[in-house]
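As structure tokens, the structure follows; a few thoughts come after it.
Number of protein chains: 2
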Amino acid sequence: MSFPPTLKQLRYLVALHKTNHFGKAADASHVTQSTLSAGIQELESLLGTQLVERTKRSVMFTALGEEMVRRAQDILNDVDDLTDLASAAKDPMRGVVRMGVIPTIAPYLLPRVVPAISKTLPDLELHLREEKSADLCDLLRAGELDVVLYALPFDCGDAHEMPLFPDRFVAAFPKGEAPGDSIHSSELDEERLLLLEEGHCLRDHALAACQLLGRRARRELANTSLATILPMVSAGHGITLLPGMAVEAGITENIDVDIVTFSDIIPTRMIGLIWRKTNPRAPTFEALGNAIRSAAAHPTA
Amino acid sequence: MSFPPTLKQLRYLVALHKTNHFGKAADASHVTQSTLSAGIQELESLLGTQLVERTKRSVMFTALGEEMVRRAQDILNDVDDLTDLASAAKDPMRGVVRMGVIPTIAPYLLPRVVPAISKTLPDLELHLREEKSADLCDLLRAGELDVVLYALPFDCGDAHEMPLFPDRFVAAFPKGEAPGDSIHSSELDEERLLLLEEGHCLRDHALAACQLLGRRARRELANTSLATILPMVSAGHGITLLPGMAVEAGITENIDVDIVTFSDIIPTRMIGLIWRKTNPRAPTFEALGNAIRSAAAHPTA
DNA sequence: AAAGCTCATCGAATATTCCGATTTTTAAAA
DNA sequence: TTTTAAAAATCGGAATATTCGATGAGCTTT
Numbered sequence: 187m188s189f190p191p192t193l194k195q196l197r198y199l200v201a202l203h204k205t206n207h208f209g210k211a212a213d214a215s216h217v218t219q220s221t222l223s224a225g226i227q228e229l230e231s232l233l234g235t236q237l238v239e240r241t242k243r244s245v246m247f248t249a250l251g252e253e254m255v256r257r258a259q260d261i262l263n264d265v266d267d268l269t270d271l272a273s274a275a276k277d278p279m280r281g282v283v284r285m286g287v288i289p290t291i292a293p294y295l296l297p298r299v300v301p302a303i304s305k306t307l308p309d310l311e312l313h314l315r316e317e318k319s320a321d322l323c324d325l326l327r328a329g330e331l332d333v334v335l336y337a338l339p340f341d342c343g344d345a346h347e348m349p350l351f352p353d354r355f356v357a358a359f360p361k362g363e364a365p366g367d368s369i370h371s372s373e374l375d376e377e378r379l380l381l382l383e384e385g386h387c388l389r390d391h392a393l394a395a396c397q398l399l400g401r402r403a404r405r406e407l408a409n410t411s412l413a414t415i416l417p418m419v420s421a422g423h424g425i426t427l428l429p430g431m432a433v434e435a436g437i438t439e440n441i442d443v444d445i446v447t448f449s450d451i452i453p454t455r456m457i458g459l460i461w462r463k464t465n466p467r468a469p470t471f472e473a474l475g476n477a478i479r480s481a482a483a484h485p486t487a
Numbered sequence: 187m188s189f190p191p192t193l194k195q196l197r198y199l200v201a202l203h204k205t206n207h208f209g210k211a212a213d214a215s216h217v218t219q220s221t222l223s224a225g226i227q228e229l230e231s232l233l234g235t236q237l238v239e240r241t242k243r244s245v246m247f248t249a250l251g252e253e254m255v256r257r258a259q260d261i262l263n264d265v266d267d268l269t270d271l272a273s274a275a276k277d278p279m280r281g282v283v284r285m286g287v288i289p290t291i292a293p294y295l296l297p298r299v300v301p302a303i304s305k306t307l308p309d310l311e312l313h314l315r316e317e318k319s320a321d322l323c324d325l326l327r328a329g330e331l332d333v334v335l336y337a338l339p340f341d342c343g344d345a346h347e348m349p350l351f352p353d354r355f356v357a358a359f360p361k362g363e364a365p366g367d368s369i370h371s372s373e374l375d376e377e378r379l380l381l382l383e384e385g386h387c388l389r390d391h392a393l394a395a396c397q398l399l400g401r402r403a404r405r406e407l408a409n410t411s412l413a414t415i416l417p418m419v420s421a422g423h424g425i426t427l428l429p430g431m432a433v434e435a436g437i438t439e440n441i442d443v444d445i446v447t448f449s450d451i452i453p454t455r456m457i458g459l460i461w462r463k464t465n466p467r468a469p470t471f472e473a474l475g476n477a478i479r480s481a482a483a484h485p486t487a
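Quick note, the sequences are listed as chains A and B, same order. So the numbering used here is basically just the index in the first sequence, starting at one, shifted up by 186. So the numbering used here is basically just the index in the second sequence, starting at one, shifted up by 186.
Put into structure tokens, the structure is as follows:
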């Protein structure tokens with residue numbers, strides 16, 4: 187019976203991978219550097235191979251080490267899920283849910299949704315975090331988030347997807363420049379489009395929904411939020427596409443822009459909730475999703 | 187940081203699940219009963235729930251306990267895969283491969299294939315085990331086998347499938363009773379069919395390949411191997427369907443039966459190799475599969 | 001009742017883990 | 001080159017945790 191890796195060793199390994207530094211990894215693991223060092227060494231001797239190349243001044247993982255870290259991550263997640271499974275079984279709708287939300291949803295939907303959730307699921311403690319889709323996906327897979335509220339389609343491995351509701355895009359023109367209350371999609375001048383910087387999925391979704399390529403969209407500005415784009419539109423620097431929920435939330439209230447819908451197409455993005463397939467709290471997350479959906483459907487609530 | 191389940195505890199839990207007996211589980215785990223008992227208790231107090239109902243005279247798992255065992259199994263397999271990953275990385279084609287083979291393949295293919303494998307992959311040590319498909323599937327999922335050589339289609343969860351080669355069915359008639367060298371499939375009298383007992387996938391595959399339902403096939407006998415069916419055919423008690431590899435291996439050599447092929451259809455079963463998707467030794471298993479395929483293609487070798 | 005299982009409990013022996021100081025190795029700075 | 005600084009490996013001993021064997025308690029069977 188050769189003795190298999192310990193969970194502790196695996197934890198040390200992923201901690202080391204995160205920090206690339208024995209000392210910091212040790213701190214993060216609440217042990218001394220010597221302990222962590224010994225743990226990694228024991229793991230290596232156990233496996234009979236080197237996982238980490240220690241070139242002083244930096245730590246490099248071998249190919250095998252990287253793969254090992256990936257698997258170790260999954261294993262540790264699964265183990266953590268075990269305790270979740272137990273507490274979820276005791277009282278499914280109680281406990282902490284760590285939710286990630288993308289920046290083009292968070293400020294517009296959360297103020298409406300969070301109070302509704304604490305009314306519907308009073309024992310659920312929401313921890314929120316706002317990042318771009320790709321980062322949230324990584325956090326989800328690393329087990330640092332339980333669910334992610336985002337706009338699909340967005341590929342996040344084999345996570346479980348729960349579509350919630352569609353969010354309709356509208357166009358914003360400088361005051362008085364709109365061709366009418368509703369426009370034909372061909373009336374969108376792509377060269378005047380102001381969009382969020384690359385990496386925001388809103389950019390891709392808006393372009394796709396409006397059947398545009400975005401090749402010719404203006405890029406000179408790296409806009410980081412819708413709130414910074416609107417004043418530019420108002421100042422006549424261009425036009426933009428807005429998610430309906432942002433308008434409903436009043437993003438245009440003190441800004442002079444014309445909001446128009448489309449006459450020929452109904453461009454939307456689908457808002458959805460995802461979680462790891464192995465997470466045993468799926469029923470809780472479904473309830474959460476339902477709460478979000480119904481809160482979003484009743485703007486006045 | 188509440189400290190998560192230990193691998194040891196998980197091992198104790200699955201051992202207990204296997205034996206349904208603290209003492210035996212302890213033996214299997216090479217610890218005393220008190221240690222195992224304490225381990226299970228610690229796990230339960232850690233999770234805050236009961237996993238096992240101890241009614242004297244028997245051990246029952248709660249619903250949560252069962253689910254926990256399932257997950258624990260997977261986790262332990264994944265952890266074991268880690269060490270496999272390491273040794274496979276060092277020398278992929280070396281080491282033990284535990285292969286399960288179904289009874290309608292093993293006696294006909296292995297004598298030809300095993301020597302070829304030890305020539306092609308001399309450092310691979312094959313451990314063989316013969317069981318019915320369903321049992322092999324369980325063993326594979328439980329991590330007690332690395333690969334299974336079987337006839338597909340057979341659903342074994344989300345295992346990875348490698349189809350190897352088709353094996354053609356022929357019909358066996360009592361000497362002199364065959365309508366000719368080759369027959370039309372409609373000439374098969376289903377009521378005279380002698381087949382293996384339920385549970386052998388050969389039964390299902392043969393019927394499916396010959397487009398029969400098997401509803402009217404004779405069932406009074408629970409035949410456990412092809413070698414017991416053939417003498418019955420020879421004695422005029424009926425007809426049967428044989429896999430080609432059995433005939434090639436000489437199963438009919440000292441038995442008076444007529445072997446005929448089909449003129450209208452080419453009934454086959456596909457022989458394949460499967461393994462757990464998470465097993466890191468996939469390249470080794472592919473090599474093994476290729477070796478089997480080429481050995482099967484060269485009967486004289 | 002008594003005997004026989006089975007699982008839980010407990011104290012003592014044992015094994016392990018962990019720390020903190022120190023050493024070694026390496027890279028950068030003087 | 002020498003010095004300095006940083007980072008990981010090493011090592012002995014103390015703290016901690018694990019395991020065992022014996023024993024106890026609860027239930028069944030005889």
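The beta carbon of each residue, even a glycine, is placed where N, CA and C say it ideally should be.
Annotation: Thr290 (chain B) to Ala395 (chain B) spans about 16 angstroms, alpha carbon to alpha carbon. In the DSSP assignment, Thr269 (chain A) falls within the alpha helix (DSSP H) that extends over Ala249 to Lys276. In this structure, Leu350 (chain A) lies away from Gly281 (chain A), with their beta-carbon atoms at least 8 angstroms apart.
Boundaries of the beta strand (DSSP E) around Ala358 (chain B): His346 to Pro360.
Within the segment 258-276 of chain B, Ala258, Asp260, Ile261, Leu262, Asp264, Val265, Asp266, Asp267, Leu268, Thr269, Leu271, Ala272, Ser273, Ala275 and Lys276 place their CB atoms closer than 9 angstroms to a CB of chain A, listed in sequence order. Within chain B, the C-beta atoms nearer than 8 angstroms to that of Met254 (chain A) come from Leu268, Leu271 and Ala272, in chain order.
Excluding its 5 nearest sequence neighbours in each direction, Glu316 (chain B) has C-beta neighbours in its own chain below 8 angstroms: Gly286, Val287, Ile288, Pro289 and Ala292, listed in chain order. Annotation: Gln195 (chain B) to Leu307 (chain A) spans about 34 angstroms, alpha carbon to alpha carbon. With contact defined as three or more Cβ pairs closer than 8 angstroms, the segment 411-419 of chain A and the segment 369-383 of chain A are in contact. If you ignore the 5 residues before and after Gly251 (chain B), its C-beta comes within less than 6 angstroms of the C-beta of Leu237 and Val238, all in its own chain and listed in chain order. Annotation: Cβ neighbours of Pro191 (chain A) in chain B (cutoff 8 angstroms, chain order): Val265, Leu268 and Thr269.
Straight through space, the alpha carbons of Glu472 (chain A) and Gly343 (chain A) are spaced by roughly 19 angstroms. Residue range Val333 to Leu338 is occupied by the beta strand (DSSP E) that includes Val333 (chain A). Within chain A, the C-beta atoms nearer than 9 angstroms to that of Thr235 (chain B) come from Ala272, Ser273, Ala275 and Lys276, in chain order. Interface annotation, Leu250 (chain B): in contact with chain A, CB-CB separation under 8 angstroms. When C-alpha distances from Pro297 (chain A) are compared across A:His216, A:Phe359, A:Met431 and A:Tyr198, the shortest belongs to A:Met431.
A Cβ-Cβ distance of about 7 angstroms is found for the pair Leu193 (chain A) and Leu262 (chain A), placing them in contact under the 8 angstroms criterion.
According to the DSSP secondary-structure assignment, Glu239 (chain B) is paired through a beta bridge with B:Met246.
The Cβ atoms of Leu388 (chain B) and Ala435 (chain B) do not sit closer than 8 angstroms to each other. For Leu382 (chain A), the three-state secondary structure derived from DSSP is strand.
By the CB criterion at 8 angstroms, Asp264 (chain B) and Thr464 (chain B) fall inside the cutoff. Counting along the chain, Leu374 (chain B) sits inside no alpha helix (DSSP H), nor does DSSP assign it H or E at all. Under the 8 angstroms Cβ criterion, the segment 313-328 of chain A does not count as touching the segment 441-448 of chain A, having fewer than three qualifying pairs. Under the rule that a run must span 3 or more residues, the beta strand (DSSP E) segments found entirely inside the segment 271-321 of chain B read 281-287 and 310-316. Within the same chain, Cβ atoms closer than 7 angstroms to the Cβ of His391 (chain A) are found at Ala337 and Arg455, the five residues on either side in sequence being excluded. For the options B:Ala272, B:Tyr198, B:Arg467 and B:Ala302, the alpha carbon positioned closest to that of Gln219 (chain B) is the one of B:Tyr198. Around Tyr294 (chain A), the same chain offers Pro429, Met431, Ala432, Glu434, Ala435 and Ile437 as residues with beta carbons nearer than 8 angstroms, after the five sequence neighbours per side are excluded. Between the alpha carbons of Ala421 (chain B) and Leu233 (chain A) lies a gap of roughly 59 angstroms. Counting other Cβ atoms within 10 Å of its Cβ, Ala274 (chain A) reaches 16 or more and is therefore classed as buried.
By the neighbour-count criterion, in which a residue is buried when 16 or more other Cβ atoms sit within 10 angstroms of its Cβ, Glu439 (chain A) is exposed.
Nearest in C-alpha terms to Ser449 (chain B), of all of B:Ile478, B:Leu393, B:Glu330 and B:Glu373, is B:Glu373. According to DSSP, Thr426 (chain B) shares a beta bridge with B:Ala358. According to the DSSP assignment, Arg462 (chain A) belongs to no beta strand (DSSP E), since it is labelled neither H nor E. Its Cα nearest to that of Ala201 (chain A), the residue A:Val245 stands out among A:Asp277, A:Val245, A:Pro352 and A:Ala357.
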